[in-house]
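Trainee: Sequence lines, in order, name chains A and B. Each residue of the first sequence is one higher than the one before, starting from -13 at the first, in our numbering. Each residue of the second sequence is one higher than the one before, starting from 9 at the first, in our numbering. All C-beta atoms in this analysis are idealised placements derived from N, C-alpha and C, irrespective of residue type, glycine included. Remember, it's a predicted structure, so these values are computed and weren't measured experimentally.
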Amino acid sequence: MLLVFLVVVAVAVIRVRDLFAAAMLFAIYSLLTAALFTVLDAGDVALTEAAVGAGISTILVLAVLTLAQRQEHPAPGHNLLALAVVLVTGAGLLYATLDLPEFGNPNNPVHGHVGSYYTEHTYEDMGIPNMVAAVLASYRSIDTLGEAFVIFTAALGVFALLSVRPPGRRARERDGEDDP
Amino acid sequence: MRENGILRVVARFVIPLILLFALYVQFHGEYSPGGGFQAGVLFAAGWILFVLIYGLDAALRVIPERLMYVLSALGVLLYCLVGLAGVALGGHFLDFYPLLSDPHAAQQAGIILVELGVGITVASVIMLVFTLFARRRSWWDQVDAAEEEEGR
């Protein structure tokens, strides 16, 4: 049922031309995904999806929308090259799925890798019940350090782009920037 | 803004709860769902709600922009320093076992410190990005008003 809602919302996001409505639909999409993760018992991921996807990213998109126009520019004609690229990539990905291991087979690589080690040894290694936190912060803490640096870099990027005082309206119109 | 009376009263109740929940998620990440990243986002969300209702200037008086820059770097530095502390005490980088004599306590301390670093970085970065976007709009209006003044 949730998956059906997800598909409906995804199609609606593509169809709608009002960017404000699109932002709201994306928030609904994230909330549905969070519900889906809750159903799948993935509390950490659900919490992240609800807070980041439905909350912060929606607010940031709305903040950007105050700087841009509300309606999407209709694209004239069809971009055949883009269609060809999408079709070729999609066909390649579909072909690649043939090499994936059989669905639900207990001998799949995903079941024989470090996952079973984590489930068996987390408590005696760490003494904490939340396996996700143990994997993120201790077993694979260098990955998480990289993520923290990615976030920090994002802040530096936004700072570099937006901390300069903008030109006046006339200069903006001359440069062809969108005027709200 | 008198007309936002209901919003202001509701926000006064809700914002402390959001911040408290963020701190709970931060410091109980190893027992229940959550961790530094989610806590940082929640904390920033509470602050953004404050901005939306009381305005950017009031919010920047609570947490100045300069502090956000410092904190965002400090969080990552805290993470690195915890890693280097493991090296200094005779382990590998980001190895928590040498930190304390009891292995479980050492792991918990390491995880909490590292998650605190992530939380500080995430919260300050999101607040910073929102501030930069929100101020852009008011800058546009200021510059436009100044130009109109000039043109007249």
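Taking C-alpha atoms, which residue in H99/A, L86/A, I114/A and G76/A lies nearest to H112/B?
Mentor: On the second sequence, position 104 is the one that residue 112/B refers to. Taking only the C-alpha atoms, the option nearest H112/B is I114/A.
Trainee: Give a yes or no on whether the minimum CB-CB distance between G63/B and chain A is below 8 Å.
Mentor: To locate residue 63/B, count along the second sequence from 1; it is residue 55. It does not; no Cβ of chain A falls within 8 Å.
Trainee: Return the chain-ordered ranges of every alpha helix (DSSP H) run that is complete within the stretch 54 to 83 of chain A and spans a minimum of 4 residues.
Mentor: As far as the stretch 54 to 83 of chain A is concerned, its whole alpha helix (DSSP H) runs of at least 4 residues are 66 to 83.
Trainee: Quick one: Cα of L50/B to Cα of E158/B, how far?
Mentor: Within the second sequence, numbered from 1, the residue matching residue 50/B stands at position 42. Within the second sequence, numbered from 1, the residue matching residue 158/B stands at position 150. About 44 Å.
Trainee: With DSSP as the reference, identify every bridge partner of D4/A, one or two as the case may be.
Mentor: The residue given as residue 4/A occupies position 18 in the first sequence. The partner list for D4/A (beta bridge, DSSP) reads Q57/A.
Trainee: Using a 10 Å radius around the Cβ and a threshold of 16 neighbouring Cβ atoms, would you call Q46/B buried or exposed?
Mentor: The residue labelled residue 46/B in the question sits at position 38 within the second sequence. Its Cβ being crowded by 16 or more others within 10 Å, Q46/B is buried.
Trainee: Return helix, strand or coil for H36/B, following the three-state DSSP convention.
Mentor: Counted from its first residue, the second sequence places residue 36/B at position 28. Reduced to three states, the DSSP call for H36/B is coil.
Trainee: Sort R144/B, I23/B, L64/B and V90/B by Cα distance to I120/B and report the nearest one.
Mentor: Translated into positions along the second sequence, residue 120/B becomes position 112. When only C-alpha atoms are compared, the closest one is V90/B.
Trainee: Please tell me whether G29/A has its Cβ less than 8 Å away from any Cβ of chain B.
Mentor: As a working note, residue 29/A is residue 43 in the first sequence. Interface residue, yes.
Trainee: Suppose contacts are defined by Cβ-Cβ distances below 8 Å. Is A(-2)/A in contact with T44/A by that definition?
Mentor: Position 12 of the first sequence holds residue -2/A. Position 58 of the first sequence holds residue 44/A. Cβ atoms of A(-2)/A and T44/A: not closer than 8 Å.
Trainee: Just confirm the distance between the C-beta atoms of A19/B and I61/B, as a whole number of angstroms; I'd bet it's less than 8 Å.
Mentor: Within the second sequence, the letter at position 11 stands for residue 19/B. Within the second sequence, the letter at position 53 stands for residue 61/B. Going by Cβ atoms, the distance from A19/B to I61/B rounds to 5 Å, so yes, they are a contact pair.
Trainee: How big is the Cα-Cα spacing for A153/B and S149/A?
Mentor: Counting from 1 along the second sequence, the entry for residue 153/B is found at position 145. Counting from 1 along the first sequence, the entry for residue 149/A is found at position 163. C-alpha separation (whole angstroms): 20 Å.
Trainee: Given a threshold of 16 other Cβ atoms within 10 Å of its Cβ, counted over all protein chains shown, does D30/A qualify as buried or as exposed?
Mentor: Along the first sequence, one-based indexing puts residue 30/A at 44. When all chains shown are included, D30/A counts as buried.
Trainee: Just curious, the alpha helix (DSSP H) that Y103/A is in, first and last residue?
Mentor: Along the first sequence, read from residue 1 onward, the residue named residue 103/A stands at position 117. Counting along the chain, the alpha helix (DSSP H) containing Y103/A begins and ends at V100 to M112.
Trainee: Please confirm if L140/B has its CB atom under 8 Å from at least one CB of chain A.
Mentor: Residue 140/B sits at position 132 when you count from the first residue of the second sequence. Yes, its Cβ sits closer than 8 Å to a Cβ of chain A.
Trainee: To the nearest angstrom, how far is it from the Cα of Q39/B to the Cα of D103/B?
Mentor: Here residue 39/B refers to the residue found at position 31 when the second sequence is read from its first residue. Here residue 103/B refers to the residue found at position 95 when the second sequence is read from its first residue. According to the sequence provided, residue 39/B is Tyr. The question's Gln does not apply to it. Computed Cα separation, rounded: 21 Å.
Trainee: Within the 8 Å Cβ cut-off, does E157/B reach chain A?
Mentor: Residue 157/B sits at position 149 when you count from the first residue of the second sequence. By this cut-off, E157/B is not an interface position.
Trainee: Would you report the Cα separation of V130/B and N91/A, rounded to the nearest angstrom?
Mentor: Within the second sequence, numbered from 1, the residue matching residue 130/B stands at position 122. Within the first sequence, numbered from 1, the residue matching residue 91/A stands at position 105. Taking the straight line joining both Cα atoms gives about 39 Å.
Trainee: Excluding five sequence neighbours on each side, which residues of the same chain lie with their C-beta closer than 7 Å to the C-beta of L11/A?
Mentor: Locating residue 11/A in the first sequence gives position 25, counting from the first residue. Taken in chain order, the residues that qualify are V(-5), A(-2), V(-1) and V2.
Trainee: Contact check, L(-12)/A vs A21/A under 8 Å by CB: the rounded distance?
Mentor: Locating residue -12/A in the first sequence gives position 2, where the first residue counts as 1. Locating residue 21/A in the first sequence gives position 35, where the first residue counts as 1. So it is a contact: roughly 6 Å between Cβ atoms.
Trainee: Please state whether the Cβ-Cβ distance between T108/A and A123/A is less than 8 Å.
Mentor: Position 122 of the first sequence, counting from 1, holds the residue named residue 108/A. Position 137 of the first sequence, counting from 1, holds the residue named residue 123/A. No, Cβ-Cβ distance for T108/A and A123/A is not below 8 Å.
Trainee: Do D171/A and Q57/A have their C-beta atoms within less than 8 Å of each other?
Mentor: Summary: the structure shown does not reach residue 171/A, with chain A confined to residues -13 through 166, and so no result is reported for it.
Trainee: Of the residues that make up the stretch -10 to 23 of chain A, which ones have a beta carbon closer than 8 Å to any beta carbon in chain B?
Mentor: So nothing in the stretch comes that close.
Trainee: To the nearest angstrom, how far is it from the Cα of D165/A to the Cα of Y103/A?
Mentor: Residue mapping note: residue 165/A aligns to position 179 of the first sequence, counting from 1. Residue mapping note: residue 103/A aligns to position 117 of the first sequence, counting from 1. Since pLDDT at D165/A reaches only 45, below the 50 mark, its modelled position is unreliable, and the value read off the structure follows with that caveat. Looking at the two C-alpha atoms, the distance is approximately 56 Å.
Trainee: Run through chain B and tell me which residues come within less than 7 Å of L122/A, C-beta to C-beta.
Mentor: Mapped onto the first sequence, residue 122/A falls at position 136. Correct list: G43.
Trainee: How would you call Y81/A, buried or exposed, if buried means at least 16 neighbouring beta carbons within 10 angstroms?
Mentor: Position 95 of the first sequence holds residue 81/A. Label assigned to Y81/A: exposed.
Trainee: Using the beta-carbon of each residue, which ones in chain B are nearer than 9 Å to P129/A?
Mentor: Locating residue 129/A in the first sequence gives position 143, where the first residue counts as 1. Note on residue identity: the sequence assigns Asp, not Pro, to residue 129/A. Those do not exist, as D129/A stays about 10 Å from chain B at its closest Cβ, beyond 9 Å.
Trainee: From the DSSP output, in three-state form, read off D27/A for me.
Mentor: One-based indexing of the first sequence puts residue 27/A at position 41. Three-state result, D27/A: coil.
Trainee: Please name the residues in the stretch 63 to 97 of chain B whose beta-carbon is closer than 9 Å to at least one beta-carbon of chain A, in chain order.
Mentor: Of all residues in the stretch 63 to 97 of chain B, M76, Y77, S80, A81, G83, V84, Y87, C88, V90 and G91 have a Cβ within less than 9 Å of some Cβ in chain A.
Trainee: Can V126/B and G54/B be called in contact, C-beta distance under 8 Å?
Mentor: As a first step, residue 126/B is located in the second sequence; it is residue number 118 there, counting from the start. As a first step, residue 54/B is located in the second sequence; it is residue number 46 there, counting from the start. Result no, Cβ atoms of V126/B and G54/B do not sit closer than 8 Å.
Trainee: Please state if the CB of V133/B and the CB of F138/A are separated by a distance shorter than 8 Å.
Mentor: Against the first sequence, residue 138/A aligns to sequence position 152. Against the second sequence, residue 133/B aligns to sequence position 125. Their beta carbons are under 8 Å apart, which means F138/A touches V133/B by this criterion.
Trainee: Residues in the same chain with beta-carbon distance under 8 Å from Q115/B, minus the five sequence neighbours each way, listed in chain order, please.
Mentor: Position 107 of the second sequence, counted from the start, is the residue given in the question as residue 115/B. Answer for Q115/B: F104 and Y105, listed in chain order.
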